[in-house]
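Enquirer:
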Amino acid sequence: MVRGHMLGRRVRHLSRYKDIAQILVANGFGWFIDEIGLVDLLSLPRRLFSGREDRESLSTYERIRVVLEKLGPTFIKLGQIASLRADVFPPELIEQLAKLQDDVPPVPFAEVRKIVEGELGQPLDEVFRAFDEEPVGSASIGQVHRAELLNGEEVAVKVQRPDIRRKIEIDLDILMDLARLTERHFEWASHYELTAVVEEFRHTLLNELNYTVEAHNADRLRRVHESDADVRIPEIYWEYTTPRVLTMEYVRGIKLQHRDELIEKGYRTDEIARRVTNAVLTQMLVHGVFHADPHPGNLAVLPDHSILFMDFGMVGRLSSEMKQHLAALVIALMRRDTRAIVRVLNRMGVVPHDIDEHRLYRDVDHLREKYYEIPLTQISLGEAVSELFAVAYRHRVRIPSDLALVGKALVTIEGVVEGLDPAFRILNIAEPFGRALLKDRVRPRHFASYLARGAVEGLEFLSDVPRHVIDILRHWRQGKIRIELEMAELDTLTRQLVRIGNRLSFSITLLAFSIFMTGLLIATVLKKSPAGLWSFPTTEVGVAVGLFLLFLLILSIWRSNK
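Going letter by letter, the sequence shown gives residues 19 to 580 in this note's numbering.
Quick look at the structure:
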């Protein structure tokens, strides 16, 4: 059924399949298309495989970046999101994915007008007093225009590109099909559960296509900073917001990527760096919701030195449990406690069952020794996080996606603040947060809450036990119970069991032969004449055979014991 559905999908999207396959082949990945069986299905001419273009001068990872850029918005976004997963992909690939550019020509204003009027259900002039035809920013999914409402309020209107959702959904279907084929033909893809990675990416990208999700993200972050004068989150105009049009407050500021302009206009870059860091750490460690892409283009400073956050398409969320794990990890890193770091990873359930724990401990301990003598204020958090992700990649430890976003956001924000103030260290601000987390964990109220939560979970588990037992018995009666035994020395155990079975069979055969000979001897005594079959000395031969079999049995037992 699934295979038929995949085949139907290939037929429906045949043209796009061919585009993707031809771009892959032209950039040296024809072997991949051939291996997963798409060459014949798509009727690709073999002459394509001989085209070399400029690929010989590029590394494999550089060619992957080129392919993603040529494949368009969906695959560019895929690469940008994949660049967050340093625990899954090698560092050389992550470096290339981070270079992916999203700049595309803007959509003509006539198309923009049509989309806005269709979404808001009324002519543009009846909603906006002014609407700039030239966008202030353009990306692969949408573009932003400055406008004024009828009451004179200045707003930014984000408009989605025409037909972009349909195109992306087609690409996502194809991407899932390719992931399944890759898992079927390559062991590494199956190990990393590539279809699950694509499904996670699909969820993230479809959320980004829905501007109401982005609007809710902005509202939630504004509530986080509602009493913080150092942070500004634009207001959302919900009456002019739909899944394809987002209208928010237009706030004028200087983006943090323009450091020279900030210095020229008298801004204190060290204070800006401190406020940015404090805002992001407050979002993460206190509230569990944070801007996951705080690069310099998404941050600006206002005249009062407050920090403006923009573009809320990617916002990370931490459950209370994951916040506890993150707090424990921060504390373990602060204490430079290797055992605690490994223990937190195990609690997260991200450590593979077949991992070499000794090697994992050794690699984490190596990191601890590297940073042991260095004061916290001199440690590069970005470097430490990158090295921890490298260890995770080496040991196939898959960091949960929300924690991967945390790591990426911390690395990004450290780059931002170092660009503002090269002497600034993010751990100058992070250390007090870590100490506050440590104090909070040892408070009696927190500990009592932890025990109460554990007791409730224990009671819930116990209440579920009878139901699970009944389910097991029902499946047992239906013959649906299958037991799988996996042991490191299973082959040795199997051989031993075979030997034991052989000896038992041999012993039973010897016993049966002995009973037969005993009966024959008794018959001979009762007849008072030697036993014989057609004048053959049965008794003597039988005794000889029996003694020989007994000798073989004793020899087998002796060898087995050795």
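We treat Cβ as the ideally placed atom computed from N, Cα and C, and that holds for glycine.
Rounding to the nearest angstrom, what Cα-Cα distance links S77 and A236 in this structure?
Expert: Taking the straight line from one Cα to the other gives about 40 Å.
Enquirer: Under three-state DSSP, which class holds M266?
Expert: Reduced to three states, the DSSP call for M266 is strand.
Enquirer: With F219 as the anchor, note down where its alpha helix (DSSP H) starts and where it stops.
Expert: Counting along the chain, the alpha helix (DSSP H) containing F219 begins and ends at 212–227.
Enquirer: Please classify G284 as buried or exposed, where buried requires at least 16 neighbouring CB atoms within 10 angstroms.
Expert: The residue is exposed, with fewer than 16 neighbouring Cβ atoms inside 10 Å.
Enquirer: Between I94 and the rest of its own chain, which residues show a CB-CB distance below 7 Å, the 5 nearest in sequence each way excluded?
Expert: Only L86, E87, L118, D120, S158 meet the Cβ criterion.
Enquirer: Grouping DSSP H, G and I as helix and E and B as strand, with all else coil, what is H234?
Expert: Helix at H234.
Enquirer: Going by DSSP in three states, R361 sits in which element: helix, strand or coil?
Expert: Looking at R361 - three-state DSSP - the assignment turns out to be helix.
Enquirer: Give me, in chain order, the residues of the same chain whose beta-carbon lies closer than 6 Å to that of G97; leave out the 5 immediate sequence neighbours on both sides.
Expert: Excluding positions up to five away in sequence, the list reads L86, L115, L118.
Enquirer: So, helix, strand or coil for R179, using DSSP?
Expert: In this structure, R179 counts as coil in the three-state DSSP scheme.
Enquirer: Would you mind reading off the limits of the beta strand (DSSP E) that contains A297?
Expert: Not the beta strand (DSSP E): A297 falls in the alpha helix (DSSP H), residues 287–299.
Enquirer: For E244, does the three-state DSSP call read helix, strand or coil?
Expert: Here E244 sits in coil by DSSP.
Enquirer: Ignore the nearest five residues each way along the sequence and tell me which others in T92's own chain have a CB closer than 8 Å to its CB.
Expert: Excluding positions up to five away in sequence, the list reads K185, I186, D189, L190, L193, L223.
Enquirer: Among T295, S419, H203, T213, whose alpha-carbon lies nearest the alpha-carbon of L326?
Expert: It is T295 whose Cα lies nearest to the Cα of L326.
Enquirer: Round the Cβ separation of L378 and V403 to the nearest angstrom and send it over; I've been treating them as touching at under 8 Å.
Expert: So it is not a contact: roughly 17 Å between Cβ atoms.
Enquirer: What's the gap between the Cα of L344 and the Cα of L303?
Expert: If you take the alpha carbons of L344 and L303, they lie about 8 Å apart.
Enquirer: How about E267 and G331: are their beta carbons less than 7 Å apart?
Expert: Taking 7 Å as the Cβ cut-off, E267 and G331 do not qualify as a contacting pair.
Enquirer: Just to confirm my understanding: we take W552, look at its own chain, exclude 5 residues before and 5 after, and list those with CB closer than 7 Å. What are they?
Expert: Only weak support is given to the placement of W552: the predicted model assigns it a pLDDT of 45, under 50, and the value that follows is read from those uncertain coordinates. Cβ within range, chain order: n/a, list empty.
Enquirer: Take V162 as the anchor and find which of V263, F308, R238, A148 has the nearest alpha-carbon.
Expert: V162 has its Cα closest to that of V263, out of V263, F308, R238, A148.
Enquirer: Quick one: residues in its chain with C-beta nearer than 6 Å to the C-beta of V269, no 5 flanking neighbours on either side, listed in chain order?
Expert: P252, L326, listed in sequence order.
Enquirer: Counting only the same chain and skipping the five closest in sequence on each side, list residues whose C-beta sits under 6 Å from that of L168.
Expert: If we look at L168 and ignore the five residues flanking it on each side, its Cβ neighbours are R147.
Enquirer: Please report how far the alpha carbon of S324 lies from the alpha carbon of A247, in whole angstroms.
Expert: Their backbone Cα atoms lie some 7 Å apart in a straight line.
Enquirer: Could you have a look at L32 and say whether DSSP puts it in helix, strand or coil?
Expert: Note: L32 maps to helix in three-state DSSP.
Enquirer: Report the residue from R286, R443, E401, Y255 whose alpha carbon sits nearest the alpha carbon of L320.
Expert: Checking every option, the nearest Cα to that of L320 belongs to R286.
Enquirer: Is it true that the CB of L89 sits closer than 7 Å to the CB of L41?
Expert: Here residue 41 is Ile; the residue named in the question, Leu, does not match the sequence. Yes, the Cβ-Cβ distance between I41 and L89 is below 7 Å.
Enquirer: Mind checking which residues open and close the alpha helix (DSSP H) that includes A318?
Expert: Per DSSP, A318 belongs to no alpha helix (DSSP H); it is in the beta strand (DSSP E), 317–319.
Enquirer: Excluding the 5 residues preceding and the 5 following L32 in the sequence, name in chain order all residues of the same chain whose CB lies nearer than 6 Å to its CB.
Expert: No residues qualify anywhere along the chain.
Enquirer: Decide if G315 is buried, meaning its Cβ has at least 16 other Cβ atoms within 10 Å, or exposed.
Expert: G315 should be labelled exposed.
Enquirer: Measure the alpha-carbon distance for T300 versus G46 and round it to whole angstroms.
Expert: Their Cα atoms are separated by approximately 46 Å.
Enquirer: Are I373 and H413 close, meaning C-beta to C-beta below 7 Å?
Expert: Yes, Cβ-Cβ distance for I373 and H413 is below 7 Å.
Enquirer: Report, in whole angstroms, the separation of the C-beta atoms of I349 and A318, which I expect to be a contact under 8 Å.
Expert: Going by Cβ atoms, the distance from I349 to A318 rounds to 33 Å, so no, they are not a contact pair.
Enquirer: Would you kindly report the start and end of the unbroken beta strand (DSSP E) that includes A165?
Expert: Per DSSP, A165 belongs to the beta strand (DSSP E) from 160–167.
Enquirer: Quick check on this structure: which residue in H276, V424, V177, E401 has the alpha carbon closest to the alpha carbon of V298?
Expert: Among H276, V424, V177, E401, the Cα nearest to that of V298 belongs to V424.
Enquirer: Measuring straight from C-alpha to C-alpha, what distance separates A506 and N364?
Expert: Residue confidence for A506 is low, a pLDDT of 47 falling below 50, so the modelled location carries little weight; the figure read from the coordinates is stated next. Spanning the two alpha carbons is a distance of roughly 21 Å.
Enquirer: Could you give the DSSP three-state label for A148: helix, strand or coil?
Expert: Three-state result, A148: strand.
Enquirer: Over the uninterrupted alpha helix (DSSP H) stretch that includes I254, give me the two end residues.
Expert: Taken as a continuous stretch (DSSP letters only), I254 belongs to no alpha helix (DSSP H), as it is neither H nor E.
Enquirer: Quick one: Cα of P108 to Cα of L56, how far?
Expert: Distance between the alpha carbons of P108 and L56 is about 26 Å.
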